[in-house]
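Residue numbers (our numbering), protein chains in the order written: chain A, 97 to 416; chain B, 97 to 416. No residue lacks a Cβ here, since even glycine has one placed at the ideal position from N, Cα and C. None of these values were measured; they are calculated from a predicted model. The structure under discussion appears below in the form of structure tokens.
2 protein chains.
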Amino acid sequence: MVSIKDIAKHAGVSISTVSYALNGSSKITEATSARIREIAKELNYVPNAAARSLKKRETKIIGAFLMSDYSGNFFGPLLQGINATLNSTDYELIVCNGMKSHRFLPEQVIDGAIVLDWSFSDEELIKYADIGCKLVVLDRELEHQNINQVILDNTTGSALAVHYLLEKGHRKLYIVTGPDISYDAHQRLQAVRTAVKQCDDIHYQEIKGDFSKLSGARAADQIVKEYKEPVAVFCLNDEMAIGMYDYLSTTTYQIGKHIHIIGFDNIEMSQYIMPNLATIDYSKHKWGALCAGNLVKLIANEPVTNETIDVSLIKRGSVQ
Amino acid sequence: MVSIKDIAKHAGVSISTVSYALNGSSKITEATSARIREIAKELNYVPNAAARSLKKRETKIIGAFLMSDYSGNFFGPLLQGINATLNSTDYELIVCNGMKSHRFLPEQVIDGAIVLDWSFSDEELIKYADIGCKLVVLDRELEHQNINQVILDNTTGSALAVHYLLEKGHRKLYIVTGPDISYDAHQRLQAVRTAVKQCDDIHYQEIKGDFSKLSGARAADQIVKEYKEPVAVFCLNDEMAIGMYDYLSTTTYQIGKHIHIIGFDNIEMSQYIMPNLATIDYSKHKWGALCAGNLVKLIANEPVTNETIDVSLIKRGSVQ
DNA sequence: ATCGTTTATCGAAACGTTTCACTAAAAGTA
DNA sequence: TACTTTTAGTGAAACGTTTCGATAAACGAT
């Protein structure tokens, strides 16, 4: 592997001169600078990232830690938003997943991270922040010098969904919950309970879910077994709603007639399945752009403030 | 940041002893080894990745370079397959995208890469392979000591699709092509031409596409404008077929009746849209697992052979 | 007791950069 | 001319590891 040292030898200058020249320092005269660049190109020189980051204590890489299964529907637009912002900086993005890559944070493989991943505990993230890691969290609230939050307005979202169902006259409500560790699931559920508490003439029942299609299908199974009259179901994310569609397509129950369903997230699929899935929408692109921008500022020690992403109701055929 | 040096000081030993101890060398007596580990834990020591990889010339990270827009439908299962294999090794995966991260290869940020990304030219990849990068390519053929191929059987796939349409009695065929730079698009198109050449009683027409939904919608627009009798369309990927669905839903033309459509890839969405999209399937999970396995072997300088992934026809309602 | 072996530890070099402090020559100033 | 200032370049230390070769102590065998 050709190093700066080889270039120095070829050019008959010191290695520091090469370093300065290659980094465009004005200390070096244009003539030698050009000659050095020339030689570097000839030798196919490429800087060694490890050496550079060892010395400079930065890598110009930021990581996105996303919940683990790459079920892309949800993350695609978010990552696009992140990249849209990052493209005008000198940072680049890597997407990480799985417990093993947690090491990237303390080992300084990356300069900062965007976290939407329950496999990190709050304690773990704080530990990393304590040793200087810069983090933007999308799925929890954490007050720390080195942590910024950009979170969804889950509370409003849930309220919108529940009120929509009530408005439509539904009085028999099911809710399919999310995993216990998920902050979003927790917030959404709390808001549902608050909204429901205000009406006393309704039948309300919670079914345990975990944000997966499969758990949505299971919930549908339970609902079908107990079925007596039309019901409305609020799935705490679209993925579970789709699982419910899957299951119901094997039965005679019709969505939008016997069973009314609303989801949360407005993933791409929700406007393709039939009937289209009513849901809670928010701009994933904007979310990504915002968190990336904040992370870059955080790394540069510029002031940043926590943000909340607005949500809105999307009425579609699955709720009549 | 606490380093091995701090531990050495605290333990009253040399830094080499600490290094050996932490790496579990048998040279160090268990007693001191334990004491050193103890101290390391107390001080919250974490190794510095840059320093280590500078010295060891490896990072234990492998990169997946995927075509750039994270439209997850396609890549999700592939990445899951890759991770399934990698989980039993000491490598971990990062997903990279965009021109900027090309640097990861020559700068030795990663030990190897899986490439499915037309933003790399063949020449560029060969240049990297020449300087020692280990690569598995999924979207081209490249013979090189440091490159392994795991590619799709596009030819069979296209033939299956065309014959299916012919079998169903269709004689007016459209094909929506892919981007010029894509090897897959190219191979699929060639196979279509070969298949079509064998029949002389058919009307055959190519429409330019680029694998995006939008280009599918545009193609649909053109087809509708020329419409006289029922036609069959082979979109070279599912994404474009879905764009076609989008467009046609704004018209009175019905899929499976006026316009028959088959795609390629069998992405998740294709079994949710109505009518379900006929397509060419292959196991993305297996594809991922295979290429990851080969890459790990390649890095370890074990022998690997190029592979081809089998494809199969999936008949669905979009073709009658 | 003596000599060779093994064992536990250490010192120092090396990986490829960046950057501070320095120097010699050139240029500017009075 | 004699002085200061600027310019262009150099040397060496440092970043945090790993690892080779050396060393001293402990151990066995004779």
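| query | result |
| --- | --- |
| Sequence-distant residues of its chain with Cβ nearer than 8 angstroms to residue 408/A (five each side left out) | 256, 376, 377 and 378 |
| Unbroken stretches of the beta strand (DSSP E), 3 residues or longer, contained in the region 215 to 295 of chain B | 230 to 233, 243 to 248 and 268 to 272 |
| Residue range of the unbroken beta strand (DSSP E) whose run includes residue 403/B | 403 to 405 |
| Under 8 angstroms (Cβ pairs) to chain B, residues found in the region 366 to 390 of chain A | 368, 369 and 370 |
| Anticipated Cβ contact below 8 angstroms, residue 302/A with residue 271/A, distance rounded | 5 angstroms |
| Distance CB(residue 246/B)-CB(residue 140/B) smaller than 8 angstroms | no |
| Outcome for residue 153/A when other beta-carbon atoms lying within 10 angstroms are tallied against a minimum of 16 | exposed |
| Chain B contacts from the region 177 to 198 of chain A (Cβ-Cβ distance under 8 angstroms) | 179, 183, 188, 189, 190, 191, 192, 193, 194, 196 and 197 |
| Sequence ranges, alpha helix (DSSP H) only - wholly within the region 149 to 196 of chain B, length at least 4 | 171 to 182 |
| Amino acids of chain A, ordered along the chain, whose beta-carbon sits closer than 8 angstroms to that of residue 227/B | 97, 140 and 142 |
| Residue 207/A versus 324/A, 149/A, 300/A and 110/A, residue with shortest Cα-Cα distance | 149/A |
| Contact between the region 289 to 306 of chain B and the region 232 to 250 of chain B (3+ Cβ pairs under 8 angstroms) | no |
| Neighbouring residues, chain A, relative to residue 205/B (Cβ below 7 angstroms) | 145 |
| Minimum Cβ-Cβ distance from residue 399/A to chain B less than 8 angstroms | no |
| Under the three-state DSSP convention, the category residue 364/A falls into | helix |
| Listed by chain order, chain B residues near residue 202/A by CB distance under 8 angstroms | 142 |
| Three-way DSSP call (helix, strand, coil) for residue 389/B in this model | helix |
| Cβ pair count under 8 angstroms reaching 3, the region 128 to 135 of chain B against the region 126 to 136 of chain A | no |
| Cβ contact (3+ pairs, closer than 8 angstroms) linking the region 261 to 280 of chain A and the region 324 to 333 of chain A | yes |
| Residue 212/B in three-state terms, based on DSSP | strand |
| Between the CA atoms of residue 314/B and residue 383/B - distance to the nearest angstrom | 31 angstroms |
| Cα-Cα separation between residue 367/B and residue 406/B, rounded to whole angstroms | 20 angstroms |
| Cβ shell of residue 145/B (< 8 angstroms), same chain only, five flanking positions each side left out | 155 |
| Within the region 122 to 150 of chain B, ranges of the alpha helix (DSSP H) (whole runs, at least 4 residues) | 126 to 138 |
| Residue 402/B to residue 109/A span [Cα, whole Å] | 46 angstroms |
| Buried/exposed call for residue 299/B, threshold 16 Cβ in 10 Å | exposed |
| Buried or exposed (CB count within 10 angstroms, at least 16 for buried), residue 280/A | buried |
| Closest Cα partner of residue 178/B within the set 232/A, 124/A, 311/A and 192/A | 192/A |
| Top-ranked residue by Cα proximity to residue 353/B, from 362/B, 412/B and 171/B | 412/B |
| Beta-carbon proximity list for residue 297/A, same chain, < 7 angstroms, skipping 5 on both sides | 267 |
| Nearest residue (CA-CA) to residue 309/B, options 323/B, 318/B and 337/B | 337/B |
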